[in-house]
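Q:
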Amino acid sequence: MDFTLPESALAVRRGVAGICSRYDLDYWQRCESDGRWPEEVWTELAEGGWLGLAVPEEYGGGGQGLLELAVATETLSASGAAGGSAFTYVLTPGFGALTLTRHGSPRQREELLPGLATGELETCFALTEPDAGSNALGISTFARREGDEFVVRGQKVWITGVQRATWMLLVTRTVPAAEARPRTNGLTVLLVNVPEAVASGRLSFAPIPKMGANTTPSNTVFLDDLRVPAANVVGEADQGALVLWDILNPERVLLAASALGGAEVALGVAVRYAREREVFGRPIGANQAIAFPLAQVKAKIELARLMLYKAAWLFDNRRPCGTEANIAKLTASQAAWEAADHAFQTHGGMACSLEYPVARLLADARIGRVAPVTEELLLNHLATQVLGLPRSF
């Protein structure tokens, strides 16, 4: 058993950290306040080849896997980006490059992977629906086959990054949920050319005002008899669940990595303030009521990191990783929340001042406990699938 990160992952950490060192907490605060994509960081990551890590070398990428993407995400987040880092590596390297490398057709890989490697093409992912919520198998957006096309009608919600995306990985029903046997049958993942779909008037979207993660808008998406070529099916029609798990597990791993980086930022902010702030003639960090909760957070960060790397390694080695990805997401998000909450308590009233990054970190951390999957569903998986307790539904 070897807990040493491979040189490929260490090289990613060094390379991404080198870029991040030029962007401080104030930069990320401005991006969040202005609702602005971190274009400067994105451009440097693209030019350095750090966005194409998971694209095979024959398509111009780095030929690495989820572990390297997780390390890149964690490093970017820990540099000060926190929640602002998540979608940098989830939307295109995660949803796009990983998925098409594993499940794309030869034509899809040839046409899209080179652009994904350079950042010229960007992707987003559309699964969640207003009525289905966390019940991914209960979606109702339907794709009806007509000759060499699918005609799609439905609605999606909380779809992040549509504004920048060239391609959307759209999860549809091609067999109604009530008729699917088993329930996982009848899902089909389609590649949708977003600019073309918008121009046709068959795809529209509206941004959702939200309390955090404003570097990337989230949207309600409307699909009105959108026509998608059958050649744009990712994987096989009606068998999209096999693709879906290979999207959702990496998403949870990468968001866990973002949460861990955010936890490190919040912990660092709290520790610096606890060292510098003096009350009653000594630094407040000398008080055990301040010091011990921060030490506890550090322990939880390190424990979550072990499961994060294990889940990524399992995915890269094509082994089952659902339980590990769920545990990584659960524990990393909890560590991020505790870190941000204790950073807030350490700062006292000054935490409410936007001169400090604590409010941003708190909002980012709170979102992580419900998105993209709630803690309750993660715990339900562990209760029923791991412990064998009775299902509640």
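When you number the sequence shown by full-length UniProt numbering, it's gap-free, plus one each residue, and the end is 393. Idealized CB from N, CA, C, for every residue including glycine.
1. Check the C-beta distance from residue 378 over to residue 330 and give it rounded, since I have them as a contact under 8 Å.
2. Which one of 380, 392, 384, 361 has the shortest CA to CA distance from residue 400?
3. Residue 219 and residue 207 - do their beta-carbons sit closer together than 7 Å?
4. Please state the DSSP three-state secondary structure of residue 204.
5. Do you know offhand how far residue 391's Cα is from residue 243's?
6. CA-CA distance, residue 64 and residue 278?
7. Quick one: grab the DSSP three-state call for residue 3.
8. Determine the DSSP secondary structure at residue 188, reduced to helix, strand or coil.
9. For residue 394, which residues from the same chain have a beta carbon less than 6 Å from its beta carbon, with the 5 sequence-adjacent residues on both sides left out?
10. Span of the alpha helix (DSSP H) holding residue 75?
11. Is residue 212 buried or exposed, if buried means 16 or more other CB atoms sit within 10 Å of its CB?
12. Can you name the start and end residues of the alpha helix (DSSP H) that residue 28 belongs to?
13. Restricting to Cα atoms, I'd like to know which of 374, 229, 139 is closest to residue 185.
14. Can you find the residues in the same chain that come closer than 6 Å, C-beta to C-beta, to residue 99, ignoring five residues on each side of it along the sequence?
15. Return the chain-ordered ranges of every beta strand (DSSP E) run that is complete within the stretch 198-281 and spans a minimum of 3 residues.
16. Could you tell me whether the Cβ atoms of residue 336 and residue 259 are closer together than 7 Å?
17. Count the other CB atoms, across all protein chains shown, that sit within 10 Å of the CB of residue 183; report buried if there are 16 or more and exposed otherwise.
18. What is the DSSP secondary structure of residue 193, counted as helix, strand or coil?
19. DSSP on residue 93, reduced to helix/strand/coil?
20. Short of 7 Å in beta carbon distance, which residues of its chain neighbour residue 363, apart from the five on each side in sequence? Order them along the chain.
21. Residue 395 lies in the alpha helix (DSSP H); which residues open and close that run?
22. Taking buried to mean at least 16 other C-beta atoms within 10 Å of its own C-beta, is residue 57 buried or exposed?
23. Taking DSSP as the reference, what is the three-state secondary structure of residue 123?
24. Looking at the structure shown, is residue 144 part of a helix, part of a strand, or coil, going by DSSP?
25. Rounded to a whole number of angstroms, what is the C-alpha to C-alpha distance between residue 115 and residue 27?
26. Excluding the five sequence neighbours on either side, which residues of its own chain have a C-beta within less than 6 Å of the C-beta of residue 82, listed in chain order?
27. Let me know the secondary structure DSSP gives residue 327 once reduced to three states.
28. Reducing DSSP to helix, strand and coil, say where residue 157 ends up.
29. How would you call residue 334, buried or exposed, if buried means at least 16 neighbouring beta carbons within 10 angstroms?
30. Which stretch, first to last residue, makes up the beta strand (DSSP E) that contains residue 171?
31. Grab me the residues of residue 148's own chain with a C-beta within less than 7 Å of its C-beta, minus the 5 sequence neighbours each way, in chain order.
A: On the basis of the data shown:
1. Indexing the sequence shown from 1 puts residue 378 at position 378. Indexing the sequence shown from 1 puts residue 330 at position 330. Contact holds; Cβ gap of about 5 Å.
2. Given that the chain is displayed from residue 1 to residue 393, the structure contains no residue 400 and the question cannot be resolved.
3. Counting from 1 along the sequence shown, the entry for residue 207 is found at position 207. Counting from 1 along the sequence shown, the entry for residue 219 is found at position 219. Contact: yes.
4. Taking the first residue of the sequence shown as position 1, residue 204 is located at position 204. DSSP places residue 204 in strand when its eight states are reduced to three.
5. Your numbering for residue 391 matches position 391 in the sequence shown. Your numbering for residue 243 matches position 243 in the sequence shown. Distance between the alpha carbons of residue 391 and residue 243 is about 25 Å.
6. For this step, residue 64 is matched to residue 64 along the sequence shown. For this step, residue 278 is matched to residue 278 along the sequence shown. So the two alpha carbons sit approximately 47 Å from each other.
7. Looking up residue 3 in the sequence shown gives position 3. Residue 3 falls in the coil class under three-state DSSP.
8. As a position in the sequence shown, residue 188 is number 188, starting the count at 1. Looking at residue 188 - three-state DSSP - the assignment turns out to be strand.
9. As displayed, the chain neither begins before 1 nor continues past 393, which places residue 394 out of reach and without an answer.
10. Here residue 75 refers to the residue found at position 75 when the sequence shown is read from its first residue. Unbroken alpha helix (DSSP H) run through residue 75: 66-76.
11. What you label residue 212 is simply residue 212 of the sequence shown in a count that begins at 1. Label assigned to residue 212: buried.
12. If you number the sequence shown from 1, residue 28 lands on position 28. Here the alpha helix (DSSP H) through residue 28 covers 25-34.
13. Translated into the one-based positions of the sequence shown, residue 185 becomes position 185. For residue 185, the nearest C-alpha among the options comes from 139.
14. Translated into the one-based positions of the sequence shown, residue 99 becomes position 99. These residues qualify, in order along the chain: 247.
15. 203-207, 218-229
16. Taking the first residue of the sequence shown as 1, we reach residue 336 at position 336. Taking the first residue of the sequence shown as 1, we reach residue 259 at position 259. Yes, Cβ-Cβ distance for residue 336 and residue 259 is below 7 Å.
17. Start at 1 with the first residue of the sequence shown, and residue 183 comes out as number 183. It counts as exposed.
18. Here residue 193 refers to the residue found at position 193 of the sequence shown. Strand, per DSSP.
19. Mapped onto the sequence shown, residue 93 falls at position 93. Note: residue 93 maps to helix in three-state DSSP.
20. In the sequence shown, residue 363 corresponds to position 363, counting from 1. So the qualifying residues of the chain are 211, 212.
21. The structure shown does not extend to residue 395, since the chain is modelled only from 1 through 393, so no value can be given for it.
22. Taking the sequence shown and counting its residues from 1, one reaches residue 57 at position 57. With fewer than 16 other Cβ atoms inside 10 Å of its own Cβ, residue 57 counts as exposed.
23. Stepping through the sequence shown from its first residue, residue 123 is reached at position 123. Three-state DSSP puts residue 123 in a strand.
24. Start at 1 with the first residue of the sequence shown, and residue 144 comes out as number 144. Of the three classes helix, strand and coil, the one that applies to residue 144 here is strand, per DSSP.
25. One-based indexing of the sequence shown puts residue 115 at position 115. One-based indexing of the sequence shown puts residue 27 at position 27. Approximately 28 Å between the Cα atoms of the pair.
26. Within the sequence shown, residue 82 is the residue found at index 82, counting from 1. Closer than 6 Å at the Cβ level, and outside the excluded window around residue 82, lie 262, 265, 361, 364.
27. Indexing the sequence shown from 1 puts residue 327 at position 327. Here residue 327 carries a helix assignment [DSSP, helix/strand/coil].
28. Here residue 157 corresponds to residue number 157 of the sequence shown, with the count starting at 1. Three-state result, residue 157: strand.
29. Counting from one through the sequence shown, the residue named residue 334 turns up at place 334. The residue is buried, with at least 16 neighbouring Cβ atoms inside 10 Å.
30. The residue given as residue 171 occupies position 171 in the sequence shown. Its beta strand (DSSP E) spans residues 167-173.
31. Mapped onto the sequence shown, residue 148 falls at position 148. 229, 230, listed in sequence order.
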